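Notes follow once the structure below has been shown.
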Amino acid sequence: MAPQVALAAFLTQRGGEEGDILEMLEPAIKDADLFARMPASRRYQLAALYAAAAYRLGEWDAAHKASVLATEQAQAGPEDWDRRFHVAILAGDGADAYQSFQRLMGREPLLSLSGRQLERFDRLLGELPDARQARLALGREMEREAWEPAFVIYDPSRVWLDYARALDESGDRRKAAAIARRITDPTLVMAVQADPRFDDLVRATPTLGDARAAAERYLAQSHDYMRENPRMLNGRVAEARALVILGRSSEALKLLDEAVQALGAGPRRQPAFDDMDDEPVLQYWRSAAMIDEGRLGEAIGARTAAAACHCSGLDAVMLAQALLEAGRAKEAKRWLDQASDNGLGLEDRMLLAKTRACVAVEAGAGTDAAAMNFLVRHERWAPAAMIEALLCAGDFDGAAAALVRQLEDPESRIDALAGLQAYGPEPNPWSHRIRLRAAWARLAARPDVRAALAKVGRRNAYDLRSLPVIG
């Protein structure tokens, strides 16, 4: 096996194809006896090369397995543990992610985490037997590192909420209230107001008491960031999201149109923005604002252009959602049939599965069993996704049973409550949105759901919209 490892190392240095590297090294990675017979230095080199190549390909499970093997070798260093930490999160292994996090303590393990990765890690900690202690450790490390998201659009409010809850449950209410003041996302503020567990925090934290005021502050903060960082696309995306939450889609569209014009105006070697990787996110929000403004055809055109490169399965999801609104479910299904979940995080894979399930029903193809099975297996990762897939299928009994279970579960309760709130109207509700909103209202009115809700929460009415960062 030594020649293959040497060749793989050479290809890595020369920028070789990751798929070729994996194919060369895979026999030894999968054969435990062969791997064990190798010299220790060769085992480390093999596992580290394989982990790096699989990571770049977005094959999280394979990268995680190889990262574990690499860190078991004496030559493993902090960078190997850092990769193991990252891929454990992406592979959905909370216990191993936490173990890696603890191993990296003192080396600023959160410094390299994006906002989405941090929230993924926090969600995984909620599944651990010692979830409270794990979240206390995460929150304290965030404070120690003075962690801030690299991109303002990925607001860490959910992580601060879970830290505040852990502090409150541990009896440190003063510190919990101080941390709760860091919660800025208006969508989460609305859910918090529906959950009696946080009533004391809401009373002690004036910024949590008024959802509209929170939305206005969120807009002001996003605008300030954009003004101070004019070369960052994500600032424009954050401000556009804030405007849409407040029902000001036309202003959001104008802001995003200006950014797109700037993208096309600058010379190729000097891009107009420093975070060009965020262009797909900007284009998604721009097309969403188009849909709000009644320009569904233009939105479909923009999303078709994005999906045509097959760069990410998420592009096909966004196009399929727009096609659903236009009543073109069969066309949406063709795009989704070509979509891969490779490289997507679990929450994005849940969005893909939910969209596949809804499109299959609308296209007359019946139940997408694979999509539904995936949603069931990973329900706690994105609780509303499974509910909406069941609603698309017209299975109100199944949706109600799942929602009651989520309300009873302290970990998924905040997500369930978020889905049950009555939000402001959408400016141009198309066919699929109308049916889904009506389905949620019908679900909320069921006696079994109302009884479960009465035990653990409340349903409020808002003149704001509830919007995730993506999807």
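Numbering (numbering that gives the first Met the number 0), first residue to last: 0 to 470.
The beta carbon of each residue, even a glycine, is placed where N, CA and C say it ideally should be.
No experiment lies behind these values; they were computed from the predicted model shown.
Proximity test, residue i beta-carbon vs the ligand ADP heavy atom, cut-off 7 Å
i	result
Tyr-224	Absence of the ligand ADP is noted for the structure shown, with no ligands found whatsoever.
Sequence-distant residues of the same chain with beta carbon closer than 7 Å to residue i, five excluded per side
i	result
Asp-273	Arg-230, Met-231
Asp-340	Gly-312, Arg-348, Leu-351
Ala-306	Asp-314, Ala-315, Leu-318, Trp-334
Pro-185	Ala-210, Ala-213, Ala-214, Tyr-217, Ile-244, Leu-463
Trp-466	The question names Trp, yet the displayed sequence has Leu at residue 466. Around Leu-466: Thr-186, Arg-240, Val-243, Ile-244.
Gly-418	Ala-383, Ile-386, Trp-439
Gln-220	Thr-183
Nearest to residue i (by Cα), restricted to the options the options
i	options	result
Ile-244	Asp-256, Ala-261, Arg-216	Arg-216
Ala-90	Leu-345, Arg-412, Pro-270	Leu-345
Gly-125	Asp-198, Ala-315, Arg-102, Asp-92	Asp-92
Asp-256	Arg-285, Trp-334, Arg-42, Glu-278	Arg-285
Gly-227	Val-151, Asp-121, Val-316, Ala-319	Residue identity check: residue 227 is Glu in the sequence provided, not Gly. Considering only alpha carbons, the answer is Val-151.
Leu-135	Leu-160, Tyr-283, Ala-149	Leu-160
Ala-96	Arg-445, Ala-73, Val-67	Val-67
Trp-439	Ser-411, Ala-392, Pro-467	Ala-392
Arg-412	Cys-310, Glu-425, Arg-379	Arg-379
Gly-105	Met-141, Ala-73, Glu-71, His-222	Met-141
Asp-314	Leu-335, Leu-295, Val-448	Leu-335
Ala-177	Asp-184, Val-403, Pro-185, Asp-167	Asp-167
Glu-324	Phe-395, Ala-384, Leu-435	Leu-435
Gln-44	Leu-24, Lys-29, Asp-32, Leu-56	Leu-24
Ala-212	Pro-195, Thr-183, Val-191, Ala-193	Thr-183
His-85	Phe-100, Gln-72, Leu-416	Phe-100
Glu-22	Ala-304, Leu-56, Arg-36	Leu-56
Glu-278	Ala-261, Gly-293, Arg-294	Ala-261
Tyr-283	Ala-271, Ala-304, His-431	Ala-304
Phe-395	Ala-415, Gly-246, Arg-441	Arg-441
Arg-247	Ala-145, Glu-361, Glu-425, Ser-169	Glu-425
Leu-295	Asn-427, Gly-114, Gly-76, Leu-112	Asn-427
Glu-107	Leu-137, Ala-130, Asp-129	Leu-137
Trp-429	Gly-293, Val-360, Ala-443, Ala-421	Gly-293
Leu-112	Pro-148, Thr-366, Ile-28	Pro-148
Cys-310	Ala-301, Met-289, Gly-342	Gly-342
Pro-155	Ala-35, Ala-415, Asp-223, Leu-109	Leu-109
Arg-432	Arg-376, Ala-287, Arg-449	Ala-287
Gly-423	Met-189, Val-455, Glu-297	Met-189
Neighbourhood of residue i by C-beta distance below 6 Å, restricted to the same chain and skipping five residues each side
i	result
Ala-453	none
Ala-61	Ala-53
Ala-319	Ala-331, Trp-334, Leu-335, Thr-354, Val-358
Leu-10	Reliability of the predicted coordinates at Leu-10 is poor, the pLDDT of 39 falling under 50, and the value obtained from them is presented with this limitation in mind. Closer than 6 Å at the Cβ level, and outside the excluded window around Leu-10, lie Ile-20.
Asp-390	Residue identity differs from the one stated: residue 390 is Leu in this sequence, not Asp. Within the same chain, Leu-390 has close Cβ partners Ala-398, Ala-438.
Arg-445	Ala-399
Ala-165	Arg-131, Arg-134, Leu-135
Cutoff 8 Å; reference residue i; Cβ partners in own chain excluding five residues on either side
i	result
Ala-388	Ala-352, Lys-353, Ala-356, Cys-357, Ala-370, Met-371, Leu-374
Arg-119	Ile-88, Leu-89, Gly-344, Leu-345, Glu-346
Pro-280	Going by the sequence as given, residue 280 is Val instead of Pro. Ile-152, Leu-232, Asn-233, Val-236, Ile-469, listed in sequence order.
Ala-73	Ala-39, Tyr-43
Val-191	Leu-160, Ile-182, Phe-197, Leu-200, Val-201, Leu-207, Ile-413
Ala-451	Leu-402, Val-403, Leu-406, Glu-407
Asp-276	none
Residue burial classification, residue i (beta-carbon count within 10 angstroms, cutoff 16)
i	result
Ser-249	exposed
Pro-38	exposed
Lys-64	buried
Cys-308	exposed
Arg-457	exposed
Tyr-461	buried
Ala-364	exposed
Leu-254	buried
Asp-291	buried
Gln-269	exposed
Met-225	buried
Glu-238	buried
Arg-157	buried
Asp-30	exposed
Arg-143	exposed
Gln-337	exposed
Leu-33	exposed
Thr-366	exposed
Arg-139	exposed
Gly-326	exposed
Asp-488	No statement about residue 488 is possible, as the shown extent of the chain runs from 0 to 470 and does not include it.
Whole-angstrom C-beta distance between residue j and residue i, which should lie under 8 Å
i	j	result
Leu-207	Leu-200	7 Å
Ala-321	Ile-299	5 Å
Ala-69	Ala-47	5 Å
Ile-386	Leu-406	Actually they are not in contact, since the Cβ atoms of Ile-386 and Leu-406 sit about 11 Å apart, beyond 8 Å.
Asp-81	Leu-117	Actually they do not touch by this definition, with Cβ atoms about 14 Å apart.
**Request:** Enumerate, from N- to C-terminal direction, the unbroken alpha helix (DSSP H) stretches of 4 or more residues contained entirely within the segment 237–303.
**Result:** 248–264, 278–291
**Request:** List in chain order: all unbroken alpha helix (DSSP H) runs of 4+ residues lying wholly within the segment 382–459.
**Result:** 382–391, 395–407, 412–419, 430–444, 446–455
**Prompt:** Which residue spans inside the segment 96–176 form an unbroken alpha helix (DSSP H) run of at least 4?
**Reply:** Those alpha helix (DSSP H) runs which fall completely within the segment 96–176 and span 4+ residues are 114–124, 130–144, 156–168.
**Request:** Could you pull out every unbroken alpha helix (DSSP H) segment of at least 4 residues lying fully inside the segment 324–366, listed in chain order?
**Result:** Those alpha helix (DSSP H) runs which fall completely within the segment 324–366 and span 4+ residues are 328–337, 345–361.
**Prompt:** Which parts of the segment 205–239 are runs of the beta strand (DSSP E), unbroken and 3 residues or longer, counting only runs that do not cross its ends?
**Reply:** none
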